[in-house]
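As structure tokens, then:
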């Protein structure tokens with residue numbers, strides 16, 4: 136008789152964004168006349184830019200002719216894309232990351248969910264609280280959660296690092312030493328950033344304790360402030376302790392195109408074993424590469440035209456972020472984030488919980504956001520709005536919220 | 136100090152097709168004047184057909200305009216594709232599978248590697264020997280292998296079901312009851328098929344013992360013989376014991392496009408838990424959907440034009456299969472498969488091992504095949520050739536082999 140993986144049963148409720156989707160669909164069905172504005176899930180709204188669609192069309196044409204048709208991609212990604220990534224995202228920033236340390240994938244969500252597989256079940260993970268749920272859920276599914284407590288709203292075996300107004304949404308080095316540390320900057324969901332000096336402390340800590348940092352840099356394109364690191368490899372010694380995750384979703388608008396990459400430096404070893412080799416084995420055994428046409432679209436992100444267009448996309452969303460930030464401040468909300476990140480993190484009014492404020496906003500302003508508690512217990516009393524709407528919708532949403 | 140997942144270290148050598156790729160690249164580099172013909176890896180060579188490229192172009196255009204842009208796909212796939220699959224692959228064959236039991240993914244390799252996650256580590260798996268390596272390797276990585284023996288060339292905790300000439304390459308019901316049974320028909324690598332009556336025995340066995348069958352139907356489009364089941368759900372009771380994996384790689388030539396799907400019937404429960412719910416949770420937590428443009432290409436596979444074109448692709452490859460089968464028979468080889476499958480399984484001449492024959496063929500005929508031992512110890516002494524080359528190359532390869 137087969138036995139199921141009962142770690143799955145420890146997960147409270149369904150995946151956050153699935154729950155939100157269901158709530159919004161129900162509201163929409165019951166209120167077909169209302170114009171709902173979605174600033175909840177971090178999904179982009181601007182179309183793919185011409186450099187990208189041109190590259191996609193060209194690659195589709197290649198796939199339609201025998202001489203230029205491409206079957207299975209190289210396990211770890213096409214060289215043309217890995218080279219463009221290495222040159223633009225690393226070499227240009229003074230980071231010593233080679234193209235053979237870059238693993239192309241179908242997105243940072245998959246990579247952030249799968250990366251834990253190369254580590255033993257018994258490792259202790261540490262996450263920020265609030266946190267992007269995939270880090271926690273994927274580890275719980277793999278048996279690293281321990282038991283869930285409805286009182287702490289957390290798992291017994293996971294180290295939570297509270298990020299609240301009191302510590303300026305910056306995690307503190309934990310008392311108990313974790314084996315694996317998940318960090319995401321610019322942060323999802325709080326929009327907080329980390330300075331190079333602060334990040335260097337984490338790198339030094341990890342090297343000292345033999346921990347590994349999983350660094351999620353999905354939002355680096357939104358950094359505007361000088362001196363904020365775009366990559367953890369800007370810190371000394373990061374190559375012996377850090378894996379970095381990247382997305383094309385938030386810069387180039389690839390949420391529906393699916394492309395990402397993960398950097399595992401060759402110098403990164405534990406138990407005398409190269410993590411690069413383990414991840415390569417994982418990739419070649421359980422993954423078959425991102426579509427050729429999508430990898431060509433990724434390459435176009437780094438073309439001269441592509442860079443210009445993508446800067447335009449990011450500028451667009453950052454104009455939204457500024458509008459939300461200023462509008463909510465004017466309306467008397469306590470807000471943070473939104474200056475180097477596409478997320479605005481606000482304190483819910485009065486004693487409202489995140490889900491109460493969610494319902495309040497959906498019912499009375501027809502605006503969808505994300506309850507902070509969905510990201511962890513220390514997110515309770517907070518709420519996330521994203522800058523990924525159209526400018527018109529963003530303005531309308533903020534104006535509606537102001538009128539509440 | 137982080138600990139690695141040392142189950143990875145139990146895997147002998149690297150992933151089979153990575154090894155072959157390296158060997159071939161080395162030979163090519165040393166012999167730049169030789170024309171190498173690749174009949175090794177199961178990768179297609181014919182370009183995407185017009186119905187597919189039209190659908191891709193159209194979807195790319197949609198992605199380039201704000202009104203028709205699509206971001207994150209629904210967790211389990213777009214309805215338009217799930218509906219087309221349910222109607223064409225199931226309803227049309229009299230199988231009662233609903234569109235909400237279909238999970239769209241980026242390919243059958245990923246699904247066949249990931250599906251084991253929803254089961255407990257302690258389950259005993261059974262596989263055919265020889266077998267597609269992903270079933271074994273993904274379970275070993277998850278800790279279900281036990282220890283590897285160089286003598287048996289197998290893992291202590293895995294039940295191997297030998298498929299040899301003596302049993303007509305058909306696995307026998309195992310003596311010890313497995314919890315999870317991997318079956319693939321038409322078979323990779325042997326090209327063997329299973330009758331509905333034989334498959335019914337496995338379904339009855341699984342229902343009786345509470346086992347779950349992972350049924351890999353990636354090659355069903357190649358079935359020519361009447362009465363051979365295209366889906367395990369043609370058998371009575373399969374919905375309470377079987378998960379089915381499908382690929383678009385081998386029918387529509389999507390090896391570089393990446394699309395597949397998995398069926399988990401809602402009736403399939405173990406420990407009182409719906410496996411459908413577990414797989415949905417896995418999908419929504421660790422996966423972000425196949426690209427919109429690729430899902431539209433999948434939809435086009437089921438259009439009238441698409442069906443006609445894809446039949447043409449399969450016919451093309453089956454003409455190759457017939458040519459290989461007949462040519463090798465004429466040359467005195469003992470061969471099987473190739474009538475309802477794109478794979479030809481041949482006995483190596485004399486006492487040659489599979490890798491010896493691999494080198495012999497590469498060096499003297501410049502033809503790449505796959506050593507049977509790469510698929511498991513009972514594949515030793517056999518060799519796989521695929522029908523996925525161009526017709527011209529296939530003819531040339533067979534003629535070269537004949538001259539050896």
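Protein chains in written order, with the working numbering: chain A, 136 to 539; chain B, 136 to 539. Here a beta-carbon is modelled for each residue, glycine too, at the ideal position from N, C-alpha and C. Please read all numbers here as calculations on a predicted model, not as lab measurements.
Limits of the unbroken alpha helix (DSSP H) element including residue i
i, result
"residue 247(B)", "243-249"
"residue 153(A)", "151-165"
"residue 411(A)", "410-421"
"residue 381(B)", "Looking at the DSSP string, residue 381(B) is not in any alpha helix (DSSP H); the run it does join, the beta strand (DSSP E), is 377-382."
"residue 220(A)", "214-220"
Cβ neighbours of residue i in the same chain (closer than 6 Å, five flanking residues each side left out)
i, result
"residue 511(B)", "264, 265 and 266"
"residue 377(B)", "348, 350 and 367"
"residue 356(B)", "386 and 449"
"residue 505(B)", "175 and 519"
"residue 431(B)", "190 and 194"
"residue 440(A)", "186"
Of the residues the options, the one placed nearest residue i, counting alpha carbons only
i, options, result
"residue 426(B)", "257(B), 437(B) and 211(B)", "211(B)"
"residue 294(B)", "458(B), 361(B) and 307(B)", "307(B)"
"residue 273(B)", "420(A), 357(A), 428(A) and 206(A)", "420(A)"
"residue 195(A)", "199(B), 201(B) and 190(B)", "190(B)"
"residue 117(B)", "303(B), 300(B), 312(B) and 302(B)", "The shown model of chain B, from 136 to 539, leaves out residue 117(B), and the question about it has no answer."
"residue 175(A)", "152(A), 140(A) and 230(A)", "152(A)"
"residue 361(B)", "161(B), 475(B), 530(B) and 493(B)", "475(B)"
"residue 392(A)", "205(B), 158(B), 452(B) and 160(B)", "205(B)"
"residue 156(A)", "403(A), 336(A), 531(A) and 177(A)", "177(A)"
"residue 508(A)", "260(A), 215(A), 227(A) and 288(A)", "288(A)"
Residue i classed as buried or exposed, judged by whether at least 16 other C-beta atoms fall within 10 angstroms
i, result
"residue 136(B)", "exposed"
"residue 208(A)", "buried"
"residue 379(B)", "buried"
"residue 351(B)", "buried"
"residue 185(B)", "exposed"
"residue 539(A)", "exposed"
"residue 142(B)", "buried"
"residue 485(A)", "exposed"
"residue 501(B)", "buried"
"residue 286(B)", "exposed"
"residue 314(A)", "buried"
Enclosing beta strand (DSSP E) for residue i [first to last residue]
i, result
"residue 279(A)", "Note, residue 279(A): premise wrong, no beta strand (DSSP E); not H, not E."
"residue 191(A)", "That residue, residue 191(A), is in no beta strand (DSSP E); its alpha helix (DSSP H) goes 185-198."
"residue 470(B)", "470-472"
"residue 395(A)", "395-398"
"residue 517(B)", "517-521"
"residue 482(B)", "478-482"
"residue 238(A)", "237-240"
"residue 261(A)", "260-264"
Contacts of residue i in chain B (Cβ-Cβ under 8 Å)
i, result
"residue 188(A)", "195, 196, 198 and 199"
"residue 244(A)", "421, 422 and 423"
"residue 393(A)", "241, 423, 424, 425 and 426"
Under 8 Å from the C-beta of residue i: neighbouring residues of chain A
i, result
"residue 136(B)", "314, 344, 345, 346 and 405"
"residue 248(B)", "420, 421 and 422"
"residue 359(B)", "Here the premise fails: no neighbours, minimum Cβ distance about 24 Å."
"residue 546(B)", "No information on residue 546(B) is available, as it lies outside the stretch 136 to 539 that chain B covers here."
9 Å Cβ cut-off: residues of chain B touching residue i
i, result
"residue 141(A)", "255, 406 and 408"
"residue 176(A)", "206 and 207"
"residue 269(A)", "420 and 421"
"residue 210(A)", "150, 152, 153 and 156"
Cross-chain neighbours of residue i in chain B, by beta carbon under 7 Å
i, result
"residue 390(A)", "206 and 207"
"residue 273(A)", "420 and 421"
Contacts of residue i in chain A (Cβ-Cβ under 9 Å)
i, result
"residue 181(B)", "201 and 204"
7 Å Cβ shell around residue i - same chain, five flanking residues per side excluded
i, result
"residue 163(A)", "171"
"residue 147(A)", "283"
"residue 342(B)", "372, 375 and 376"
Proximal residues of chain A, C-beta to C-beta of residue i below 7 Å
i, result
"residue 192(B)", "192 and 195"
"residue 400(B)", "Simply none; closest approach about 15 Å."
"residue 258(B)", "137 and 138"
"residue 429(B)", "426"
Nonlocal neighbours in the same chain, by C-beta distance under 8 Å from residue i, ignoring five residues either side
i, result
"residue 168(A)", "none"
"residue 145(B)", "275, 280, 282, 283 and 290"
Any non-hydrogen atom of the ligand MG within 7 Å of residue i CB
i, result
"residue 177(A)", "Looking for the ligand MG in the displayed structure turns up nothing, as the structure carries no ligands at all."
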